[in-house]
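J.:
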Amino acid sequence: MDAKTGFFYFFAAVLLFASFRVITARNPVYAVLYLVLAFFQAACIWILLKAEFLGIALVLVYVGAVMVLFLFVVMMLDVNIDSLRQGFWRHFPLAAGIGVLIALEMSAVLIGGFRISEEPKAPVVLGQAAQQVSNTRELGKLIYTQYIYPLEVAAVILLVAMIAAIALTLRQRKDSKHIDVSDQVRVKARDRLDVVKMPSTQPYVSDATAGAALGATEKQP
Numbered sequence: 397m398d399a400k401t402g403f404f405y406f407f408a409a410v411l412l413f414a415s416f417r418v419i420t421a422r423n424p425v426y427a428v429l430y431l432v433l434a435f436f437q438a439a440c441i442w443i444l445l446k447a448e449f450l451g452i453a454l455v456l457v458y459v460g461a462v463m464v465l466f467l468f469v470v471m472m473l474d475v476n477i478d479s480l481r482q483g484f485w486r487h488f489p490l491a492a493g494i495g496v497l498i499a500l501e502m503s504a505v506l507i508g509g510f511r512i513s514e515e516p517k518a519p520v521v522l523g524q525a526a527q528q529v530s531n532t533r534e535l536g537k538l539i540y541t542q543y544i545y546p547l548e549v550a551a552v553i554l555l556v557a558m559i560a561a562i563a564l565t566l567r568q569r570k571d572s573k574h575i576d577v578s579d580q581v582r583v584k585a586r587d588r589l590d591v592v593k594m595p596s597t598q599p600y601v602s603d604a605t606a607g608a609a610l611g612a613t614e615k616q617p
């Protein structure tokens, strides 16, 4: 067994362990960390298979953006684990059935791939050596020629999601004490204060009358 095969088995074993811990970890934060580890191992396997672009994209997109954001959301929400585990065994048969169904579908797909009698031949590259072929360039050519319409559909979906996120942030709340800067700039001095003449609630008492009333109050035993 050469070094490449040994690394493949090592990364595959760690990937299976991390994937199993994702669904069995009691703490959601630990589950997300195990998911990050699983993505790292999958990226390493892709790099071993000479798919460097896919491995780097997996690390940058999922580990660098999605999983970090998911981890911070889980940490900030402070999810109550006890409330999540209520009714676990009640829904366990349904979840186990769906898991078995997915496993059977994946097994059917994988078994069909192992039935190939001979190794597929690599396409002959004319004009340059096979070692000089860039898989990133070939992947780009394939995406922008044969799969251009699925790429445009995915781009439209991402654009709609981005616009929806921006629209949610622009939503005005009635209980928010937001100050409109433009209204503050357009305000004038005469509009800042209004002097209103109102009648007094108590009758006017002069100083002499108030002093006499105070002296009479002090003389009383």
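Numbering (the working numbering), first residue to last: 397 to 617.
Glycine included, every Cβ here is placed at the ideal spot set by N, Cα and C.
Would you call the CB atoms of Val410 and Gln437 closer than 7 Å?
T.: Yes; because the gap between Cβ atoms is below 7 Å, this pair is in contact.
J.: Between which two residues does the alpha helix (DSSP H) containing Pro424 stretch?
T.: Residues Pro424 to Leu444.
J.: Output the distance between the C-alpha atoms of Val368 and Pro546, rounded to the nearest integer angstrom.
T.: No information on residue 368 is available, as it lies outside the stretch 397 to 617 that the chain covers here.
J.: Reducing DSSP to helix, strand and coil, say where Ala447 ends up.
T.: Of the three classes helix, strand and coil, the one that applies to Ala447 here is coil, per DSSP.
J.: Suppose you measure from the CA of Val459 to the CA of Ala447; what does that come to, to the nearest Å?
T.: Straight-line Cα distance between these residues: approximately 17 Å.
J.: For the alpha helix (DSSP H) that Pro546 lies in, which residues bound it at each end?
T.: First-last of the alpha helix (DSSP H) with Pro546: Ile544 to Thr565.
J.: For Ala399 and Ser530, what's the separation of their Cα atoms in angstroms?
T.: Using only the alpha carbons, I get a separation of about 24 Å.
J.: Count the other C-beta atoms from every protein chain shown that fall within 10 angstroms of the C-beta of Ile498, then say buried if there are 16 or more, exposed otherwise.
T.: The residue is exposed, with fewer than 16 neighbouring Cβ atoms inside 10 Å.
J.: For my contact list, Ala414 and Ala434 are in at a C-beta cut-off of 8 Å; report their separation, rounded to the angstrom.
T.: That pair is a contact at about 4 Å.
J.: How many angstroms separate the CA atom of Ser503 from the CA atom of Ala492?
T.: Between Ser503 and Ala492, the C-alpha separation is close to 16 Å.
J.: Evaluate Gly483 with the Cβ neighbour count: other Cβ atoms within 10 Å of its Cβ, from every protein chain shown; 16 or more gives buried, anything less gives exposed.
T.: Label assigned to Gly483: exposed.
J.: Assign Gln580 to one of three DSSP states: helix, strand, or coil.
T.: Gln580: helix per DSSP, three-state reduction.
J.: Give the C-beta separation of Phe449 and Leu535 to the nearest angstrom, bearing in mind that I take them to be a contact with Cβ-Cβ under 8 Å.
T.: Their Cβ separation, rounded to whole angstroms, is 6 Å, which keeps Phe449 and Leu535 in contact under 8 Å.
J.: Can you say whether Val583 is buried or exposed, counting buried as having 16 or more other CB atoms within 10 angstroms of its CB?
T.: Its Cβ having fewer than 16 others within 10 Å, Val583 is exposed.
J.: Do you know offhand how far Ile441's Cα is from Leu454's?
T.: So the two alpha carbons sit approximately 11 Å from each other.
J.: By DSSP, does Lys593 sit in helix, in strand, or in coil?
T.: Coil, per DSSP.
J.: Consult DSSP for Met502 and reduce its assignment to one of helix, strand or coil.
T.: Looking at Met502 - three-state DSSP - the assignment turns out to be helix.
J.: Going by Cα to Cα distance, which pick from Met397, Phe404 and Phe466 is closest to Tyr426?
T.: Comparing Cα positions, the closest option is Phe466.
J.: Quick check on DSSP: helix, strand or coil for Arg588?
T.: Coil at Arg588, not helix or strand.
J.: Does Gly402 come out as helix, strand or coil in the three-state DSSP assignment?
T.: If DSSP states are grouped into helix, strand and coil, Gly402 belongs with the helices.
J.: Can you look up Tyr540 in the DSSP assignment and give me helix, strand or coil?
T.: Three-state DSSP puts Tyr540 in coil, outside helix and strand.
J.: For Gly402, does the count of other Cβ atoms within 10 angstroms reach 16, so buried, or fall short, so exposed?
T.: Result: exposed.
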